[in-house]
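A short write-up of the structure that comes next.
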């Protein structure tokens with residue numbers, strides 16, 4: 001049998017496409033549910049006789065909990081593996097929806113969503129290495145004491161040993177804090193990009209959540225109003241494919257693409273109050289999906305260009321935590337604006353202004369890059385900064401020609 005260490009690295013393609021399919025299922029099950037919550041908005045409001053701000057808490061809590069727990073998911077993935085973590089998330093998501101329906105007798109739509117969430121279990125099963133089994137060595141002889149905290153299957157716990165299990169949560173928190181490098185927020189470029197992310201996430205799901213209630217307010221029938229989300233999703237998919245086919249350009253970086261797409265998304269949202277007919281709302285849905293699909297794939301790319309590969313998992317966890325905090329406050333604030341004004345115009349104007357501001361912030365990275373004092377590397381680490389490695393530039397190196 002060949003030595004596993006002598007095997008060549010697997011090429012791109014092959015089973016990697018199955019992993020891509022798994023990612024598609026996970027994102028479709030989670031963020032697809034987020035973007036479809038606008039269909040249930042008026043139903044929830046009428047069922048519970050709640051205001052727009054109170055009803056918005058349903059979607060904001062769902063999005064914020066998902067994003068805030070992402071660092072925990074990263075730690076779990078590094079501890080037990082990506083495959084079990086994804087499958088565990090699918091089981092918990094489905095169980096939560098099914099429990100709500102059984103407990104409160106809710107509509108069958110939530111049961112269907114719970115079934116959709118179970119697809120993440122299948123997606124998690126697809127995330128595996130090419131070699132399902134590896135060579136193992138069996139050691140015969142007496143067991144030797146080790147520093148491992150794992151308990152053998154034939155070990156009998158003493159009465160006082162159970163108390164030590166209470167420290168498992170403390171150990172997990174210590175591991176979590178050690179893996180999450182929060183000091184990188186002190187880097188100016190990272191802090192500026194995270195501020196843009198917070199403003200973006202604060203307003204991002206407001207159009208998807210309130211466009212259907214606005215359409216119904218304009219006396220548009222239910223199926224036509226719900227189709228707006230489908231139109232936006234199709235435009236989103238086409239835009240992502242088109243953006244992925246665009247080659248990298250030294251004069252137009254991913255930061256520029258992120259900022260420009262957000263600015264256009266904000267401007268189109270600012271113009272939404274002018275849409276009074278169904279064709280006009282369809283036009284906005286197309287624009288919203290196209291600009292959303294243009295900036296969304298650049299998020300991880302931008303983060304990867306701001307920090308080193310060693311810090312990338314921590315940076316992604318911090319990014320999603322910031323997005324989770326913004327998601328918790330954004331939709332209820334937009335709902336409060338509607339309750340105060342009894343018009344969705346203020347809601348969309350606030351969202352459009354926030355998205356426009358979030359798109360303008362990344363361009364400050366380019367302005368700072370143009371200053372003569374800027375260098376191509378961060379200063380050497382010191383006890384007052386971040387230890388262990390040097391940071392990359394405020395903007396990617398390929399922008400040095402600008």
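Residue numbers (UniProt numbering): 1 to 402. Yeah, the Cβ is synthetic: ideal placement off N, Cα and C, and Gly gets one too.
Using a Cβ-Cβ cutoff of less than 8 Å, which residues in the same chain neighbour residue 373 once the five nearest sequence positions on both sides are dropped?
Bear in mind that the predicted position of residue 373 carries a pLDDT of just 40, short of 50, making it unreliable; the figure below should be weighed with that in mind. The answer is none, since no qualifying residue turns up.
With DSSP collapsed to three states, give me the class of residue 252.
strand
Would you report the Cα separation of residue 270 and residue 323, rounded to the nearest angstrom?
22 Å
For residue 221, count the other beta carbons within 10 Å of its own beta carbon; 16 or more makes it buried, fewer makes it exposed. Which is it?
exposed
Would the beta-carbon of residue 365 fall within 8 Å of that of residue 189?
Yes.
Could you tell me whether the Cβ atoms of residue 303 and residue 315 are closer together than 8 Å?
yes
Taking CB distances under 8 Å as the criterion, tell me whether residue 290 reaches chain B.
Reference to chain B is not applicable here, since this structure consists of a single protein chain.
What does the alpha-carbon distance come out to for the pair residue 313 and residue 74?
7 Å
Taking just the CA atoms, how far does residue 345 sit from residue 213?
12 Å
By the three-class DSSP mapping on this structure, what secondary structure does residue 330 have?
Three-state DSSP puts residue 330 in a helix.
Helix, strand or coil, according to DSSP, for residue 211 in the structure here?
Residue 211 falls in the helix class under three-state DSSP.
Might you give, ordered along the chain, the residues of its own chain that have their beta carbon closer than 8 Å to the beta carbon of residue 80, omitting 5 neighbours on each side?
none
Give the single residue among 243, 295, 43 whose Cα lies nearest to the Cα of residue 197.
295
Roughly how far, in whole angstroms, is the beta-carbon of residue 292 from the beta-carbon of residue 260, given that I think they are within contact range, below 8 Å?
Not a contact, Cβ separation roughly 13 Å.
Residue 286 lies in the alpha helix (DSSP H); which residues open and close that run?
From DSSP, the alpha helix (DSSP H) with residue 286 extends over 278 to 295.
With a Cβ-Cβ cutoff of 8 Å, do residue 273 and residue 53 count as a contact?
no
Look at the alpha carbon of residue 280 and the alpha carbon of residue 25, and state the distance between them as a whole number of angstroms.
32 Å
Using 8 Å as the threshold, is the C-beta distance between residue 83 and residue 127 below it?
yes
In this structure, does DSSP put residue 15 in helix, strand or coil?
Three-state result, residue 15: coil.
Please classify residue 247 as buried or exposed, where buried requires at least 16 other C-beta atoms within 10 Å of its C-beta.
exposed
Please say whether residue 199 and residue 317 have beta carbons closer to each other than 8 Å?
no
Can you round the beta-carbon distance between residue 267 and residue 352 to whole angstroms, since I take them to be within the 8 Å contact cut?
7 Å
Cutting at 7 Å between CB atoms, please list the residues of its own chain near residue 57, excluding the five before and the five after it.
332
In the DSSP assignment, the alpha helix (DSSP H) including residue 352 goes from what residue to what residue?
344 to 360
Can you give me the Cβ contacts of residue 16 inside the same chain, cut-off strictly under 7 Å, excluding the 5 residues immediately before and after it?
none
Within 10 Å of its beta-carbon, does residue 359 have 16 or more other beta-carbons around it, so buried, or fewer, so exposed?
Answer is buried; the Cβ neighbour count reaches 16.
Going by DSSP, what residue range makes up the alpha helix (DSSP H) through residue 74?
Where residue 74 is concerned, the enclosing alpha helix (DSSP H) starts and stops at 70 to 80.
Specify the secondary structure class of residue 205 as computed by DSSP and reduced to three states.
coil
Under the rule that 16 or more other beta-carbon atoms within 10 Å means buried, what is residue 223, buried or exposed?
Around the beta carbon of residue 223, a 10 Å sphere encloses fewer than 16 other beta carbons of the protein chains shown; the residue is thus reported as exposed.
Going by Cα to Cα distance, which pick from 287, 241, 338, 89 is closest to residue 67?
89
Below 8 Å on the Cβ atoms is my contact criterion, and I expect residue 330 with residue 70 to pass it. Report the Cβ-Cβ distance as a whole number of Å.
17 Å between Cβ atoms; not a contact.
Going by Cα to Cα distance, which pick from 328, 201, 320, 14 is closest to residue 262?
201
Grab me the residues of residue 227's own chain with a C-beta within less than 7 Å of its C-beta, minus the 5 sequence neighbours each way, in chain order.
none
Thinking residue 205 and residue 64 are a contact (beta carbons under 8 Å), I'd like their distance in whole angstroms, please.
Wrong, their Cβ atoms sit about 11 Å apart, outside the cutoff.
If I measure Cβ to Cβ from residue 147 and keep anything under 6 Å in the same chain, skipping five residues before and after, which residues do I get?
Bear in mind that the predicted position of residue 147 carries a pLDDT of just 48, short of 50, making it unreliable; the figure below should be weighed with that in mind. Here the set comprises nothing.
Counting C-beta neighbours from all protein chains within 10 Å, is the total for residue 340 16 or more, i.e. buried, or is it exposed?
Exposed, by the Cβ-count rule.
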